[in-house]
Amino acid sequence: MQGPPVIGTAVLSPIMLIGQAPGGKEIHLHRPFAWTAGKTLFQWFAGIGLEEEAFRRRVYMAAVCRCFPGKKTRGGDRVPAPEEIANCSTWLETELTLLRPQLIIPVGRLAISRFMPFRKLTEVIGTIHHHSVQGRPTDVLPLPHPSGASTWHRTDPGRELLAQALQRLARHPAWRRVCAQQDDDKAADSQGHPGRL
């Protein structure tokens, strides 16, 4: 694993987004989802009311592993090994304990498998799953990884299941609350800066 560790903004949020691990660009930019996959991910969220910077200020972003696992021999990022996941698990467990999120958005196979067993993404994408996370009822809404190397989210049935997932996310009370905070910020900005829309 290659550092430094990458973490999101420390924010108290009803929503927690959990990715797999940062990529090579993220460890230089010091932000999760800061490169190509992030552009796609934030386009999804902008389409349901939350622009990237507002998302980063309002949603806690974590990962199964916080350091870059390196590249595979034949391209693409290496999936962290079980020992590496175990070594990093204390961070995620502690964040879950502190934040007690109402909604968890795991992105990609590794993050989804942290919360539920599955064989195919079609079994879990497009639905809100009600789970007990650390003894608390928590909604889990999995999303596919927005990697440019993957066609899953760009072809059916993946494309349709992603659309269903985003529709359900847009209606979730935690998402609506975070979007309302963004609207409050915009209103306060316009009042504090006359002439701005």
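Sequential numbering from 1 applies to the sequence shown in UniProt numbering. Backbone N, C-alpha and C define an ideal beta-carbon position, used for all residues, glycine too. None of these values were measured; they are calculated from a predicted model.
- With respect to Val64, Arg31 sits apart: the two C-beta atoms are not nearer than 8 Å.
- Gly19: member of the beta strand (DSSP E) spanning 15-19, first to last residue.
- Scanning its chain for C-beta atoms nearer than 6 Å, with the 5 sequence neighbours on each side dropped, one finds around Ala54 the residues Gln182, in chain order.
- When C-alpha distances from Tyr60 are compared across Leu169, Gln134, Glu95, the shortest belongs to Glu95.
- For Ile27, the enclosing alpha helix (DSSP H) starts and ends at 24-29.
- Taking a cut-off of 8 Å for Cβ pairs, the segment 91-108 and the segment 123-142 touch, as three or more such pairs fall below it.
- The residues Phe115, Met116, Asp139, Val140, Leu141, Pro142, in chain order, have a CB closer than 8 Å to that of His129 in the same chain once the five nearest residues on each side in sequence are set aside.
- For secondary structure counted as the alpha helix (DSSP H) over 4 or more consecutive residues, the segment 48-99 holds these complete runs in sequence order: 52-58, 82-99.
- Under the DSSP assignment, Ser132 falls in the beta strand (DSSP E) whose first and last residues are 129-133.
- In the displayed model, Arg136 falls within a strand according to three-state DSSP.
- Beta-bridge partners assigned by DSSP to Ile104: Met16, Val140.
- His145 counts as buried, since at least 16 other C-beta atoms from the protein chains shown sit within 10 angstroms of its C-beta.
- Gly3 counts as exposed, since fewer than 16 other beta carbons sit within 10 angstroms of its beta carbon.
- Residue Cys67 holds the alpha-carbon nearest to the alpha-carbon of Ala81 among Arg74, Trp91, Cys67, Gly75.
- Taking the C-beta atoms as reference points, Ala163 is found no nearer than 8 Å to Gly49.
- For Gln167, the number of other beta carbons within 10 angstroms of its own is below 16, and it is reported as exposed.
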